[in-house]
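Residue numbers (our numbering), protein chains in the order written: chain R, 48 to 185; chain W, 70 to 135.
Following this line, the structure appears as structure tokens:
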């Protein structure tokens, strides 16, 4: 319980403070840098606790574990996600280099619009932290 | 239709594709990888984990700081 409550508390505090900051200010840089530092620290802790990286070896006798049976087969569907992400990134880059910027909005346009209020900025900050927590906890 | 509107429609189409792929994954009962499965697969290797971590950091810095 303590393991969960401390990171959650830090995350909520950062999201609240991050919601009150404005982009391109020292405050926003400090809060974002603190979140990134917390992410790096948590990643290091998790990596040290789980020294075995990568996929578990096949057990003797050739029987697959229950987890391995339930997990998606390597590459099944992943390629489609990679292609979809590639298309999105290519579209983002093409919009980034086209002008005028208003005629070709990038993802930043939507995110900046969405983060235009303190409450929505705080929610976006919390979502970003949650994604980071997911990446650390994998 | 203006370029602005056309680009937004294209973004909505891309988002719809992502949502459709995730719904397909959920309805296929894990036979097809969802976004979580794809991230797990990419993060299965140290280089993939590094890429995901850097992408997360860049996203946060880009949206909230700069």
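Each residue gets a CB set at the ideal place from its N, CA and C atoms; glycine is no exception.
Next item on the list: Find the residues of chain R that neighbour residue 126/W, judging by a C-beta separation of less than 8 Å, and give them in chain order.
Entry: Here the question's residue 126/W lines up with position 57 in the second chain. Within 8 Å Cβ-Cβ: 83, 86.
Next item on the list: Would you check if the distance between the CB atom of residue 132/W and the CB atom of residue 176/R is smaller than 9 Å?
Entry: Walking along the second chain from the start, residue 132/W turns up at place 63. Walking along the first chain from the start, residue 176/R turns up at place 129. Not a contact, by the Cβ cut-off of 9 Å.
Margin query: To be precise: take each residue of the stretch 134 to 153 of chain R, compare its Cβ to all Cβ atoms of chain W, and keep it if any distance is under 8 Å. Which residues remain?
Written below: With the criterion set as a beta carbon lying under 8 Å from some beta carbon of chain W, the members of the stretch 134 to 153 of chain R are 134, 135, 138, 142, 149, 150, 151, 152, in sequence order.
Next item on the list: Out of 171/R, 152/R, 173/R, state which residue places its alpha-carbon closest to the alpha-carbon of residue 74/W.
Entry: In the second chain, counting from the first residue as 1, residue 74/W sits at position 5. When each option's Cα is compared against that of residue 74/W, the closest is 152/R.
Item checked: Proximal chain R residues relative to residue 120/W, where beta-carbon distance stays under 8 Å -> Here the question's residue 120/W lines up with position 51 in the second chain. Neighbours of residue 120/W in chain R, taken as residues at a C-beta separation under 8 Å, are lacking, since the least C-beta distance is about 11 Å.
Checklist line | Contact between the stretch 76 to 83 of chain R and the stretch 122 to 129 of chain W (3+ Cβ pairs under 8 Å) | finding: yes
Checklist line | chain W contact for residue 178/R (CB, 9 Å cutoff) | finding: Here the question's residue 178/R lines up with position 131 in the first chain. With 9 Å as the cut-off, residue 178/R counts as an interface residue toward chain W.
Item checked: Span separating the alpha-carbon of residue 71/W from that of residue 54/R -> Your numbering for residue 71/W matches position 2 in the second chain. Your numbering for residue 54/R matches position 7 in the first chain. Spanning the two alpha carbons is a distance of roughly 46 Å.
Next item on the list: Taking residue 167/R as the query, report the chain W residues whose CB atoms sit under 9 Å from its CB, ordered along the chain.
Entry: Counted from its first residue, the first chain places residue 167/R at position 120. By Cβ distance, chain W contributes nothing, its closest Cβ being about 12 Å from residue 167/R, past 9 Å.
Next item on the list: May I ask you to report which of helix, strand or coil DSSP gives residue 119/W?
Entry: Locating residue 119/W in the second chain gives position 50, counting from the first residue. Note: residue 119/W maps to helix in three-state DSSP.
Check: So, helix, strand or coil for residue 94/R, using DSSP?
Finding: Walking along the first chain from the start, residue 94/R turns up at place 47. Three-state result, residue 94/R: helix.
Notebook entry, point to check: Under the rule that 16 or more other beta-carbon atoms within 10 Å means buried, what is residue 62/R, buried or exposed?
Noted result: Within the first chain, the letter at position 15 stands for residue 62/R. Result: buried.
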